[in-house]
Amino acid sequence: MGRTGRFWFAVAAITIVIVGCSKTEGTKPPSSERPGGRPGAVGAGGAGANVKSDDDFVRDIVIKNMVEIELSRMALDHASSLDIKSFAQRMIDDHSAAGNKLKSVVAGQPIEWPAQLDDKQRKTADELAQKQGTDFDRDYVKAMVDGHQDLTAKLESRLDVQSLADWKTAAAGRTHNRELPEPNSAMRDVPIRPDKSNSEITLKINQWAAETYPIAQKHLDTARTLENATKGSTN
Numbered sequence: 000m001g002r003t004g005r006f007w008f009a010v011a012a013i014t015i016v017i018v019g020c021s022k023t024e025g026t027k028p029p030s031s032e033r034p035g036g037r038p039g040a041v042g043a044g045g046a047g048a049n050v051k052s053d054d055d056f057v058r059d060i061v062i063k064n065m066v067e068i069e070l071s072r073m074a075l076d077h078a079s080s081l082d083i084k085s086f087a088q089r090m091i092d093d094h095s096a097a098g099n100k101l102k103s104v105v106a107g108q109p110i111e112w113p114a115q116l117d118d119k120q121r122k123t124a125d126e127l128a129q130k131q132g133t134d135f136d137r138d139y140v141k142a143m144v145d146g147h148q149d150l151t152a153k154l155e156s157r158l159d160v161q162s163l164a165d166w167k168t169a170a171a172g173r174t175h176n177r178e179l180p181e182p183n184s185a186m187r188d189v190p191i192r193p194d195k196s197n198s199e200i201t202l203k204i205n206q207w208a209a210e211t212y213p214i215a216q217k218h219l220d221t222a223r224t225l226e227n228a229t230k231g232s233t234n
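Note that numbering that gives the first Met the number 0 has the sequence shown beginning at 0, numbered continuously upward.
Next comes the structure, spelled out in structure tokens:
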């Protein structure tokens, strides 16, 4: 083979190698990790990639639980409305029971259990303690609405997305009137499933969230109804 022939043979070989590499890269299977995914995320429910660690989740829930109980104890003494006092007692009972159950779920785990309110919640409690009568009523039910909106959002991050959507669809009509929701009513035909997890403790926490969510949502519905009733009231 002459020099010219050997030259064109080498060019053809290089071209084949380049094309082959290009095809290999083009057919590389996509990564199983979704764009923006976060390694170690807990399940796929509610908030998805924004789900906090078990420790952070429990800490936030415990503090939220404590402030609901403390403000509600104030309401038994400071509120002027019998409906609000009745609601406050239910808050104390339900949040105490939920907190005790969560504590048993995480018992023995290296998870922080706060002993007191954080600065933000302490400020809310101290300010509310200065109010009386209808002023207290308005500020208390507003705090209950705000607190339960935050609480239900946190719980949703631990729930199965589809079952939560089904539950919300079934529950959509219950706030379209001005009557207080029936405290003991339940929609047992539309169960909420916990988000899946390979971690046993995470799954137990998610199960607790699934059981607690309908109760917290009912608290929110009632707080909103009470808030509408207190708007425009004066001492």
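Note that beta-carbon positions come from the ideal geometry of N, C-alpha and C, so glycine has one too.
Assigned exposure category for T221 - 16 Cβ within 10 Å defines buried = As a position in the sequence shown, residue 221 is number 222, starting the count at 1. T221 comes out buried.
query = DSSP beta-bridge partners for L158?
reply = Locating residue 158 in the sequence shown gives position 159, counting from the first residue. Partner(s): P193.
message = By the three-class DSSP mapping on this structure, what secondary structure does A96 have?
response = Here residue 96 refers to the residue found at position 97 of the sequence shown. DSSP places A96 in helix when its eight states are reduced to three.
Same chain, Cβ closer than 7 Å to I110, neighbours up to 5 away in sequence not counted = The residue you call residue 110 lines up with position 111 of the sequence shown. Within the same chain, I110 has close Cβ partners D53, D54 and V57.
inquiry  = I'd like the list of long-range same chain contacts for A208, defined as Cβ closer than 7 Å, with 5 residues on each side in sequence excluded.
reply    = Here residue 208 refers to the residue found at position 209 of the sequence shown. Once the five neighbours on either side are set aside, the close Cβ partners of A208 are L154, R157, L158 and P193.
inquiry  = Can you tell me whether S80 is buried or exposed? The criterion is at least 16 other CB atoms within 10 Å of its CB, across all chains shown.
reply    = As a position in the sequence shown, residue 80 is number 81, starting the count at 1. S80 counts as buried, since no fewer than 16 other beta carbons sit within 10 angstroms of its beta carbon.
message = Considering just the uninterrupted stretch of the alpha helix (DSSP H) at L225, what are its terminal residues?
response = For this step, residue 225 is matched to residue 226 along the sequence shown. For L225, the enclosing alpha helix (DSSP H) starts and ends at E199 to T229.
inquiry  = Given this structure, state the Cα-to-Cα distance separating P190 from N99, to the nearest angstrom.
reply    = By one-based count along the sequence shown, residue 190 stands at place 191. By one-based count along the sequence shown, residue 99 stands at place 100. Taking the straight line from one Cα to the other gives about 22 Å.
ask   = With DSSP run on the structure shown, which of helix, strand or coil describes E69?
value = Residue mapping note: residue 69 aligns to position 70 of the sequence shown, counting from 1. Three-state DSSP puts E69 in a helix.
task = Compute the Euclidean distance between the alpha carbons of L225 and R137, then round it to the nearest angstrom.
result = For the purposes of this step, residue 225 is identified with residue 226 of the sequence shown, where counting begins at 1. For the purposes of this step, residue 137 is identified with residue 138 of the sequence shown, where counting begins at 1. So the two alpha carbons sit approximately 9 Å from each other.
query = If you count every other CB in all the chains shown that lies within 10 Å of the CB of A142, and 16 or more means buried, which is it?
reply = For the purposes of this step, residue 142 is taken as the residue at position 143 of the sequence shown. Buried, since its Cβ has 16 or more Cβ neighbours within 10 Å.
task = Report yes if the C-beta distance between A96 and A87 is below 8 Å; otherwise report no.
result = As a working note, residue 96 is residue 97 in the sequence shown. As a working note, residue 87 is residue 88 in the sequence shown. Contact: no.
inquiry  = Could you compute how far the alpha carbon of T168 sits from the alpha carbon of S162?
reply    = For the purposes of this step, residue 168 is taken as residue 169 along the sequence shown, with counting starting at 1. For the purposes of this step, residue 162 is taken as residue 163 along the sequence shown, with counting starting at 1. Approximately 10 Å between the Cα atoms of the pair.
ask   = Of all the options I200, D76 and A78, which has the alpha carbon lying nearest to the alpha carbon of L101?
value = Indexing the sequence shown from 1 puts residue 101 at position 102. For the set I200, D76 and A78, the Cα lying nearest the Cα of L101 is the one of I200.
request  = Label E67 either buried or exposed according to how many other C-beta atoms from any shown protein chain fall within 10 Å of its C-beta, with 16 as the threshold for buried.
outcome  = Within the sequence shown, the letter at position 68 stands for residue 67. By the neighbour-count definition (other C-beta atoms within 10 Å, threshold 16), E67 is a buried residue.
inquiry  = Taking a contact to mean a Cβ-Cβ separation below 8 Å, would you say I83 touches V144 in this structure?
reply    = Locating residue 83 in the sequence shown gives position 84, where the first residue counts as 1. Locating residue 144 in the sequence shown gives position 145, where the first residue counts as 1. By the CB criterion at 8 Å, I83 and V144 fall outside the cutoff.
ask   = M90 and H218: beta carbons closer than 8 Å?
value = Taking the first residue of the sequence shown as 1, we reach residue 90 at position 91. Taking the first residue of the sequence shown as 1, we reach residue 218 at position 219. In this structure, the beta-carbon distance from M90 to H218 falls below 8 Å.
request  = Kindly list the residues whose CB is nearer than 6 Å to the CB of W166, restricted to its own chain and excluding five residues on each side of it in sequence; keep chain order.
outcome  = Taking the first residue of the sequence shown as position 1, residue 166 is located at position 167. Short of 6 Å from the beta carbon of W166, and not among the five residues preceding or following it, lie these beta carbons of its own chain, in chain order: V189 and I191.
inquiry  = Looking at T123: is its Cβ nearer than 8 Å to the Cβ of A215?
reply    = On the sequence shown, residue 123 is found 124 positions in, with the first residue counted as 1. On the sequence shown, residue 215 is found 216 positions in, with the first residue counted as 1. Not in contact: T123 and A215 (Cβ atoms no closer than 8 Å).
request  = Below 7 Å CB to CB, which residues in the same chain sit around K230 once its five sequence neighbours on both sides are set aside?
outcome  = Within the sequence shown, residue 230 is the residue found at index 231, counting from 1. The answer is none, since no qualifying residue turns up.
task = Confirm, please, whether the CB-CB distance from L116 to L70 is below 8 Å.
result = Translated into the one-based positions of the sequence shown, residue 70 becomes position 71. Translated into the one-based positions of the sequence shown, residue 116 becomes position 117. When the beta-carbon positions are compared, L70 and L116 stay at least 8 Å from each other.
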